[in-house]
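Going by numbering that gives the first Met the number 0, the sequence shown opens with residue 0, and the numbers climb by one from there. C-beta: ideal position from N, C-alpha, C; glycine also. First comes the structure, then the notes that go with it.
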Amino acid sequence: MEKKLKTDSIIPLYYQLKEILLENIESGTWNPGFMIPSEIQLQHEYNISRNTVKKALDELVQEGMLNRIQGKGTFVSAPKIDQSLSSFYSFSKVMKSRGLNPKDIILSLKENEARVGIAKKLRLSENNQVFELQRLRCSGDEPIILETSYIPKNLFPNLSVNMLDKNSLYDVMQNEYGIYVSKAKEIFEPVLIRSHESIILQVGEGNPALLLERIAYDNQGIPVEFCRSLIRGDRCRFYTELL
Numbered sequence: 000m001e002k003k004l005k006t007d008s009i010i011p012l013y014y015q016l017k018e019i020l021l022e023n024i025e026s027g028t029w030n031p032g033f034m035i036p037s038e039i040q041l042q043h044e045y046n047i048s049r050n051t052v053k054k055a056l057d058e059l060v061q062e063g064m065l066n067r068i069q070g071k072g073t074f075v076s077a078p079k080i081d082q083s084l085s086s087f088y089s090f091s092k093v094m095k096s097r098g099l100n101p102k103d104i105i106l107s108l109k110e111n112e113a114r115v116g117i118a119k120k121l122r123l124s125e126n127n128q129v130f131e132l133q134r135l136r137c138s139g140d141e142p143i144i145l146e147t148s149y150i151p152k153n154l155f156p157n158l159s160v161n162m163l164d165k166n167s168l169y170d171v172m173q174n175e176y177g178i179y180v181s182k183a184k185e186i187f188e189p190v191l192i193r194s195h196e197s198i199i200l201q202v203g204e205g206n207p208a209l210l211l212e213r214i215a216y217d218n219q220g221i222p223v224e225f226c227r228s229l230i231r232g233d234r235c236r237f238y239t240e241l242l
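Below, the structure is given as structure tokens:
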């Protein structure tokens, strides 16, 4: 039997509707890719205003449970990609371990002088050269992460797009240069996706995201990469275990 909204409850109507829709998703009544009823259908079904329906759907979209596709409708999102923070990881290996197909699109690879902040994180002098590698990291054809890595040129001379085209960055470091990435320090903070980032990541401007800054070290404790990653909040989440 379809649940009804309680008009005499202190719980706002939009939140009651949100909970009903969420239960349909979490119970498997609506599977990933399922197109949910339209705003007008929900408005008539629950005898509430269009604004009330929109607010419930907006929150579920922001939380990554639903996905709007312009001109088509609103669909149940694929489950978020969970990643533990309790050990060192790489995006490619995480995707493969979950049966997903990781794909990196190299947007640019160029040489620059290390800026003050970058040089400090990589323990370089300001005039040292770094490679600036920008990639779009995908699960299949779906963009997940917009990532910019700064890599000391003196440690990785002649780094090229050809090397990275079919291999992960850390595999190239190990196989081509004999440098093994053994640990990393990461800092996360919540941000909102800006207009130019929304185009690349194919999500709405203002959607939530995580900004991750990572310094990766080799087994001698030498920094080999400083990376800034913009991670879609609707597709990824991180967890840790407290013992």
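ask   = Which two residues bound the contiguous alpha helix (DSSP H) that contains Val-202?
value = Counted as a single uninterrupted DSSP element, the stretch harbouring Val-202 is not any alpha helix (DSSP H), since DSSP gives it neither H nor E.
task = Within the same chain, show all residues whose beta-carbon is closer than 8 angstroms to that of Asn-166, passing over the 5 residues directly before and after it, in chain order.
result = Contacts found: Asn-174.
request  = Just the C-alpha distance for Asn-100 and Cys-235, rounded to the nearest angstrom, thanks.
outcome  = Each residue's alpha carbon lies about 15 angstroms from the other.
request  = For Phe-33, count neighbouring C-beta atoms within 10 Å of its own C-beta (all shown protein chains included) and say buried if the count is 16 or more, exposed if not.
outcome  = The C-beta of Phe-33 has fewer than 16 other C-beta atoms within 10 Å across all chains shown, which makes the residue exposed.
query = Which value, in whole angstroms, describes the spacing of the CA atoms of Ala-208 and Leu-191?
reply = Answer to the nearest angstrom: the Cα atoms are 6 angstroms apart.
request  = Please report how far the alpha carbon of Ala-113 lies from the alpha carbon of Glu-25, in whole angstroms.
outcome  = Rounded to whole angstroms, the separation of the alpha carbons of Glu-25 and Ala-113 is 47 angstroms.
ask   = In chain order, which continuous runs of the alpha helix (DSSP H) of length 4 or greater are located wholly inside the stretch 81-159?
value = Whole alpha helix (DSSP H) segments, 4+ residues: 90-96, 115-121.
query = Are Phe-225 and Tyr-149 close, meaning C-beta to C-beta below 7 angstroms?
reply = Taking 7 angstroms as the Cβ cut-off, Phe-225 and Tyr-149 qualify as a contacting pair.
ask   = Alpha carbon to alpha carbon, what distance is there between Ile-117 and Ala-215?
value = So the alpha carbons of these two residues sit roughly 13 angstroms apart.
ask   = In or out: Met-0 buried (at least 16 other Cβ within 10 Å) or exposed?
value = The predicted position of Met-0 is uncertain, since its pLDDT is 38 and thus under 50; no value can be drawn from it.
query = Going by other Cβ atoms of all chains shown within 10 Å of its Cβ, with 16 needed for buried, is Lys-3 buried or exposed?
reply = By the neighbour-count rule (16 or more Cβ atoms within 10 Å), Lys-3 is not buried but exposed.
ask   = The alpha helix (DSSP H) with Leu-59 in it runs from where to where?
value = 49-61 is the span of the alpha helix (DSSP H), which, as asked, contains Leu-59.
Boundaries (first-last residue) of the beta strand (DSSP E) holding Lys-184 = Where Lys-184 is concerned, the enclosing beta strand (DSSP E) stretches over 180-191.
key: Where Leu-242 falls: helix, strand or coil (DSSP)   = Here Leu-242 sits in coil by DSSP.
query = Quick one: is Asn-46 near chain D, going by C-beta distance under 7 angstroms?
reply = No chain D is present in this structure, which holds just one protein chain.
key: Residue span of the beta strand (DSSP E) that contains Leu-252, given as start and end   = Residue 252 is absent from the model: the chain starts at 0 and stops at 242.
Run of the beta strand (DSSP E) containing Ile-230, from where it starts to where it stops = DSSP places Ile-230 in the uninterrupted beta strand (DSSP E) bounded by 222-231.
request  = Can you say whether Leu-210 is buried or exposed, counting buried as having 16 or more other CB atoms within 10 angstroms of its CB?
outcome  = Leu-210 comes out exposed.
query = Which same chain residues, not among the five before or five after Phe-237, have their C-beta less than 8 angstroms away from its C-beta?
reply = The residues are Asp-81, Gln-82, Ser-83, Leu-84, Phe-187, Leu-209.
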